[in-house]
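Protein chains in written order, with our numbering: chain L, 1 to 239; chain A, 1001 to 1211. Virtual Cβ for every residue (Gly too), placed ideally from N, Cα, C. None of these values were measured; they are calculated from a predicted model. Report on one structure; see the data block that follows.
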């Protein structure tokens, strides 16, 4: 190992792989803590079951299935974001990254990616639960639409959640502040993902082709928030 | 000799209180400087100002040749600040923490095991989750991070706190080794006797200015 001061390192921000390292670290921490497995999946499952009991009519459940899946995912997002930033604040690691001059835009991308993977994994559980509980059906074209919708929508949710999670980390009342800030912003994702999922489920006679326009909206939202978040995360956290 | 820290009549306020009140001091490359002073003297603020974390109200300050008035964050990648928190990930092992930090700060080829061994974190301890370590073990892991990062200027706030006798000796040896390799070390500590053994110079601060 070279000693300290053994040559000036190139600017940290230009180094590739920081986002991947952050994502891998967050996923490793999740694998150790098993918060998704032991807490969030049961929580989201309970939300789905509760909806089933509350609505209690098969035709209503089939019609509302898309929205219920994404509502459960959105509720779970808040817990996932709290967890993602709890590991940063426990020993002030995010502060240390900032002090070390690490490009926080790349940290944002890495944390968003890890959150996206966890949300996608959650959806892989929630959709089969919806199929069983709400008796919806998905054919091959619907499955393609559903997977694409899930990728775009989880990206949008993850980008928004990570940005606001970074803003509220360490702040007083962050547990209640986060949903207040995030819910209005993710409303377009919730609406578009619900519509696209209804098309995939063919709820209320919807056609699969009708869902793709909503997927386009989800993709634009995710791209816009991904770019804006990458640029804004560093300055916002620095303040 | 290259001047690593050059503060001239620096004024900085924290919540309206003058934490640095006309501080003038220099640190040359290769020095191990022990910053002493009573509580509230401005020792920690001086270290944080060197890391570019404190906006300066007046005076001129440069760190590693970077003018802090123009680019406060410019030297951060080359500076390692270890304050009261260690900045570690509690769910990761010591080895994983050092490897992550090395990769995130552009020293991906650093040998995490060697850095940890230099701080006495070896064997099963290196593969223990940081959240299950004692305070002293965490501190040694955080110092191993600085070593792996190859920081040119080490800024340490009470580095001996929480360490047992063996770890303190290991820390002192690490500071000397870092100095020998070209790094500069500035640390604040209340433990004068211990600090004087490793420091090459003492900087006294009182009321936010050099005493």
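Chain order gives no chain A residues near residue 105 of chain L, where near means a beta carbon separation below 8 Å; the closest approach is about 13 Å. Under DSSP, residue 1018 of chain A shares a beta bridge with A:1013. Per DSSP, reduced to three states, the secondary structure at residue 1165 of chain A is helical.
Among the residues facing chain A, residue 174 of chain L is not included, as its CB has no counterpart in that chain under 8 Å away. Under the 8 Å criterion on CB atoms, residue 1105 of chain A is classed as interfacial with respect to chain L. Neighbours of residue 1076 of chain A in chain L, taken as residues whose beta carbon is under 9 Å from its own, are 12, 98, 99, 100, 101, 102 in chain order.
For residue 1028 of chain A, DSSP records a beta bridge to A:1003. Judged by DSSP secondary structure, residue 1157 of chain A falls outside any alpha helix (DSSP H) and instead within the beta strand (DSSP E) spanning 1153 to 1157. Residue pairing from DSSP places residue 1187 of chain A in a beta bridge opposite A:1034, A:1156. For residue 1114 of chain A, DSSP assigns no beta-bridge partner whatsoever. Taking 8 Å as the threshold, the shortest C-beta distance from residue 1071 of chain A to chain L does not fall below it. For residue 1091 of chain A, a Cβ of chain L is located within less than 8 Å of the residue's own Cβ.
Look at the segment 17 to 50 of chain L: the residues with a C-beta under 8 Å from a C-beta of chain A are 17, 18, 21, 22, 25, 28, 29, 32, 33. If you draw a straight line from the Cα of residue 79 of chain L to the Cα of residue 236 of chain L, it comes to about 22 Å. Exclusion of the five residues before and after residue 1157 of chain A leaves 1044, 1047, 1083, 1188 as the residues of its chain whose Cβ lies within less than 6 Å of its Cβ. The C-beta of residue 1159 of chain A has 16 or more other C-beta atoms within 10 Å across all chains shown, which makes the residue buried.
Secondary structure of residue 1087 of chain A (DSSP, three-state): coil. At a C-beta separation below 9 Å, residue 83 of chain L has no neighbours in chain A, since its nearest C-beta there lies roughly 10 Å away. Remark: three or more beta-carbon pairs, one from each stretch, lie closer than 8 Å, so the segment 93 to 106 of chain L and the segment 1085 to 1096 of chain A are flagged as touching. Contiguous beta strand (DSSP E) elements confined to the segment 1044 to 1112 of chain A occur at 1058 to 1063, 1079 to 1082, taking only those with 3 or more residues.
Rounded to the nearest whole angstrom, the C-alpha separation of residue 58 of chain L and residue 205 of chain L is 15 Å. Contact of residue 1100 of chain A with chain L is assigned, a C-beta pair being separated by under 8 Å.
In this structure, the alpha-carbon of residue 1019 of chain A lies about 25 Å from that of residue 91 of chain L.
Chain order gives the chain A residues near residue 87 of chain L as 1089, 1090, 1091, where near means a beta carbon separation below 8 Å. The beta-bridge partner set that DSSP reports for residue 1210 of chain A consists of A:1205.
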